[in-house]
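Participant: Counting the sequence shown from 1 gives a position; our numbering is that position plus 339.
Ideal Cβ positions, reconstructed from N, Cα and C, are used throughout, including at glycine.
I have a structure here, written as structure tokens, and I will follow up with some questions on it.
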Amino acid sequence: MKTVILCGGKGTRIRDVADNIPKPMIPVGEKPILWHIMKYYAHAGFKDFVLCLGHQGGVIRDFFMNYQAHISDIAVDFSKGGAVEYLDNHEHIDWRVTLAETGLDTLTGSRLKRVERYIGGDEHFMLTYGDGVGDVDLKALVNFHKSTDAVLTVSGVRPPGRFGEILDDGNGIVMEFNEKPQATGGRISGGFFVCRREVFDYLDADREDEILEREPMRKIAREGKMAMFAHDGFWQCMDTTRDYALLNEMADAGKAPWIVW
């Protein structure tokens with residue numbers, strides 16, 4: 340089953356971290372967050388990727404075209420015509436990565452429509468963004484989707500809290516304090532989707548400004564063809580500098596729930 344990753348946006352809210360690379364290439368630990376996402380999918384057995392490129396897509400293209408050079412220590416011997424020796428024994432990856440240029444200013448629905456031909460005849464495919472990680476059970480997500488008649492299944496997550504939650508007794512005495520708890524209200528889209536290929540019927544091939552999360556998904560929902568897979572575990576997007584710092588702190592401390600390989 341193929342996994343489409345939307346990684347062509349401009350990431351304007353995180354430009355203060357890095358404005359010379361696209362957001363999916365911003366590092367978490369020593370690797371781009373995009374690599375973490377793909378590694379997580381691959382660990383679950385989903386190794387055929389279609390990357391929707393756009394803003395600074397050449398950086399992503401270069402990373403995969405020269406993958407070994409980017410992840411290894413190397414020695415270049417100019418006495419031998421510039422022969423390159425890779426010095427590290429890194430784990431071999433067996434992914435298939437399709438790098439699809441989908442336009443500089445194209446929006447999410449239009450990007451997805453532009454890679455329809457790379458899905459081939461597959462009835463189902465996975466879809467996610469290039470800036471969010473979690474410990475979603477991907478196999479269970481796929482099985483749930485296939486058990487329904489849904490055109491699109493979305494993972495429903497609880498938004499992570501950004502502030503400490505204080506519970507008092509009504510008289511100013513604190514009864515409980517939870518440091519940055521998860522929100523206890525409704526769910527939001529976690530961005531881990533599974534789609535039937537019929538999803539392309541809801542997208543307009545002649546547009547580049549179609550936002551998947553607006554009219555196409557709303558129409559799918561109105562028609563009763565959208566399902567939700569509830570996920571109560573870890574989920575975190577990287578929208579801001581604070582998110583970037585949090586994910587790196589978790590990775591550096593060896594406490595990143597998505598790093599399961």
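For a minimum of 3 consecutive residues, which ranges assigned as the beta strand (DSSP E) are wholly contained in the region 440-506?
Facilitator: Those beta strand (DSSP E) runs which fall completely within the region 440-506 and span 3+ residues are 463-468, 471-473, 491-496.
Participant: Enumerate, from N- to C-terminal direction, the unbroken alpha helix (DSSP H) stretches of 4 or more residues contained entirely within the region 540-592.
Facilitator: Runs found: 554-561, 580-591.
Participant: Using 8 Å as the Cβ pair cut-off and three pairs as the minimum, do the region 577-590 and the region 365-376 touch?
Facilitator: Touching, yes, given that three or more Cβ pairs across the two stretches are closer than 8 Å.
Participant: Looking at residue 463: is its Cβ nearer than 9 Å to the Cβ of residue 533?
Facilitator: Cβ distance < 9 Å, so residue 463 and residue 533 count as in contact.
Participant: Work out the CA separation of residue 554 and residue 539 for me, nearest whole Å.
Facilitator: Approximately 13 Å between the Cα atoms of the pair.
Participant: Are the region 476-490 and the region 427-442 in contact at 8 Å, needing three or more beta carbon pairs?
Facilitator: Judged by Cβ distances under 8 Å, the region 476-490 makes no contact with the region 427-442, as fewer than three pairs qualify.
Participant: So what's residue 596 in DSSP terms, helix, strand or just coil?
Facilitator: In the structure shown, residue 596 sits in coil (DSSP, three-state: anything other than H, G, I, E or B).
Participant: Report the rounded CA-to-CA distance for residue 359 versus residue 536, giving the unit in angstroms.
Facilitator: Computed Cα separation, rounded: 35 Å.
Participant: Exposed or buried, which one is residue 556 when buried takes at least 16 other CB atoms within 10 Å?
Facilitator: That one is buried.
Participant: Hey, could you find the ends of the alpha helix (DSSP H) residue 410 is sitting in?
Facilitator: 406-410 is the extent of the alpha helix (DSSP H) around residue 410.
Participant: Short of 7 Å in beta carbon distance, which residues of its chain neighbour residue 385, apart from the five on each side in sequence? Order them along the chain.
Facilitator: These residues qualify, in order along the chain: 340, 342, 465, 477.
Participant: Tell me, which residues are paired with residue 424 by DSSP?
Facilitator: According to DSSP, residue 424 bridges with 414.
Participant: What distance in whole Å lies between the Cβ atoms of residue 542 and residue 452, which are believed to be in contact at a cut-off of 8 Å?
Facilitator: That belief holds up - the Cβ atoms of residue 452 and residue 542 are roughly 4 Å apart, short of 8 Å.
Participant: Determine whether the beta carbon atoms of residue 353 and residue 362 lie at a separation below 9 Å.
Facilitator: It is a contact, given that the beta carbons lie within the stated cut-off.
Participant: Beta-carbon of residue 551 versus every beta-carbon of chain C: anything under 9 Å?
Facilitator: Judged by its chain identifiers, the structure shown contains no chain C, having just a single protein chain.
Participant: Taking the alpha carbon of residue 544 as the reference point, which residue from 578, 472, 600, 455 has its own alpha carbon closest?
Facilitator: It is 455.
Participant: Going along the chain, which residues of its own chain have a beta-carbon closer than 6 Å to the beta-carbon of residue 380, five neighbours each way excluded?
Facilitator: Excluding positions up to five away in sequence, the list reads 342.
Participant: Hey, quick one: how far does the alpha helix (DSSP H) through residue 376 stretch, first residue to last?
Facilitator: Its alpha helix (DSSP H) spans residues 372-382.
Participant: Give me the DSSP bridge partner(s) of residue 344.
Facilitator: For residue 344, which the question treats as bridged, DSSP gives the partners 390, 467.
Participant: If we call anything under 9 Å between Cβ atoms a contact, is residue 565 one with residue 496?
Facilitator: The answer is no: Cβ separation not under 9 Å.
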